[in-house]
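Some notes on the structure that comes next.
Protein chains in written order, with the numbering used here: chain P, 4 to 195; chain L, 1088 to 1284.
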């Protein structure tokens, strides 16, 4: 049981190991807060869709399972999108088109297809929690690195000494590629 | 920011180069890294995206302004767009398989992959977010797709050369690809602010 929970965090980490869901990881990780918010929105969608799909796994005919998954996932995405717009409009603005784009996030679809439609509700729930933690952890970590180097702050608290010159590039698009490139190299170096 | 006030040339330039969908906007990166280790596949995917984006965004534009807005159902945008695109791609595949067999052989295997290519959905969303009119929306999507084609083909060319280069073992494969993409993104960033876009 614990294995279902922890596999998403390191062994099958959706971003670093399976290489899925790269777009939001790079695009919204300019600050730690944005990364965390994206992780939470993503976790909500993955939890909801994994539970509903595994509840309905006997009712959905095999031939039309993909459209059925899409409808279920897009329902949760719409809920997340509109809740963010209503309660946290500034976050909704900075995450922009990437909230509705969770609907084509390969991780959500991948877990539905590979896991939720074959396993019990409880296991799917654990699977979603593990995957969400793995995703949120990495996206927040990249956000922290980019914010610290590009702005000298973490979660808006200044951490760097006063004479630190921020590398502006880290919060611009090229910095996103650079951060994940080095993070992956580090992961290969450590876990080899 | 793209709007209806710009002329067509500037809309295409902005969508294709200045706000390149892959390198500046970070959309559709899965296919960007997944396919670009093969030049031929990159060209095929680029062409398939070009074709599908132009057609499907026009259809979603009609769905949005013809059905969703008059009936006050704009909150169904996400669900209706993805279903429209999935259906359209399926029909296109059947249609060109029957009538344009040579084209099918060239694009065939990339068409099903396109349903999960977020560039298609993102282009449709961005077109409606910018509130473009019908003609501008078409040219905007042409620019987005052209930008996708340009970036993925350039990147595939660079990656073919990288395979021959001696690279430290930790960086082999994806890490060096990301760093290459970072440098490409940097060069595209150089266009930022051109014509105030």
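Glycine residues also receive a C-beta, built at the ideal position from the N, C-alpha and C atoms.
Asked	Found
Among 81(P), 133(P), 74(P), which has the Cα closest to the Cα of residue 118(P)?	133(P)
Name, in chain order, the residues that DSSP records as bridge partners for residue 161(P).	156(P)
For residue 1143(L), would you say it is in contact with chain P, using Cβ-to-Cβ distances shorter than 8 Å as the test?	no
In the DSSP assignment, find the alpha helix (DSSP H) that holds residue 100(P) and state where it starts and stops.	No alpha helix (DSSP H) contains residue 100(P), which DSSP labels as neither H nor E.
Would the beta-carbon of residue 201(P) fall within 8 Å of that of residue 1114(L)?	This structure gives no information on residue 201(P), because the portion of chain P shown stretches from 4 to 195.
Contact defined as beta carbons within less than 8 Å: I believe residue 146(P) pairs with residue 38(P). What is the distance between those atoms, to the nearest angstrom?	3 Å
Rounding to the nearest angstrom, what Cα-Cα distance links residue 1116(L) and residue 1221(L) in this structure?	28 Å
Along the stretch 1157–1171 of chain L, where does the CB come closer than 7 Å to a CB of chain P? Name the residues.	1162, 1165, 1166, 1169, 1170
Tell me which same chain residues have a C-beta within less than 8 Å of the C-beta of residue 12(P), skipping the five on either side of it?	133, 136, 137, 140
For residue 43(P), which of 188(P), 87(P), 69(P) has the nearest alpha-carbon?	87(P)
DSSP three-state call for residue 71(P): helix, strand or coil?	helix
Could you give the first and the last residue of the continuous alpha helix (DSSP H) run that contains residue 1218(L)?	Neither: residue 1218(L) is in no alpha helix (DSSP H) and is coded neither H nor E.
Taking the alpha helix (DSSP H) that residue 177(P) belongs to, which residues open and close that run?	176–194
Would you say residue 191(P) faces chain L, with C-beta separation under 8 Å as the test?	yes
Classify residue 159(P) as buried or exposed, calling it buried when 16 or more other Cβ atoms lie within 10 Å of its own Cβ.	exposed
Apart from the five residues just before and just after residue 31(P), which ones in its own chain have a Cβ nearer than 7 Å to its Cβ?	37, 38, 41, 98, 101
Who are the Cβ neighbours of residue 1133(L) in its own chain at under 7 Å, not counting the five residues just before and after it?	1235, 1236, 1239, 1240
When DSSP labels each residue in this structure, what does residue 89(P) get in the three-state scheme?	helix
What residues in its chain sit with their C-beta under 7 Å from that of residue 55(P), if we drop five residues either side in the sequence?	75
Taking 8 Å as the cut-off, does the stretch 108–116 of chain P touch the stretch 1118–1130 of chain L (at least 3 CB pairs, one atom from each stretch)?	no
At a CB distance below 9 Å, what residues from the stretch 47–80 of chain P approach chain L? Give them in sequence order.	69, 70, 73, 74, 76, 77, 78, 80
Exposed or buried, which one is residue 1248(L) when buried takes at least 16 other CB atoms within 10 Å?	exposed
Could you check what DSSP says for residue 1253(L) in three-state terms: helix, strand or coil?	coil
Are the CB atoms of residue 1228(L) and residue 1090(L) within a distance shorter than 8 Å?	no
Touching or not, the stretch 1100–1109 of chain L and the stretch 1270–1281 of chain L, by the rule of three or more beta carbon pairs under 8 Å?	yes
Using 10 angstroms around the beta-carbon of residue 1112(L), count the other beta-carbons present and answer buried if the total reaches 16, otherwise exposed.	buried
Residue 146(P) versus chain L: which residues are under 7 Å apart at the beta carbon?	Here the premise fails: no neighbours, minimum Cβ distance about 14 Å.
Which word fits residue 84(P), buried or exposed, when buried means at least 16 other C-beta atoms lie within 10 angstroms of its C-beta?	buried
On the CB-based measure, 16 or more other CB atoms within 10 Å of its CB, does residue 130(P) come out buried or exposed?	buried
Buried or exposed for residue 194(P), please, with buried defined as at least 16 other CB atoms from any protein chain shown within 10 angstroms of its CB.	exposed
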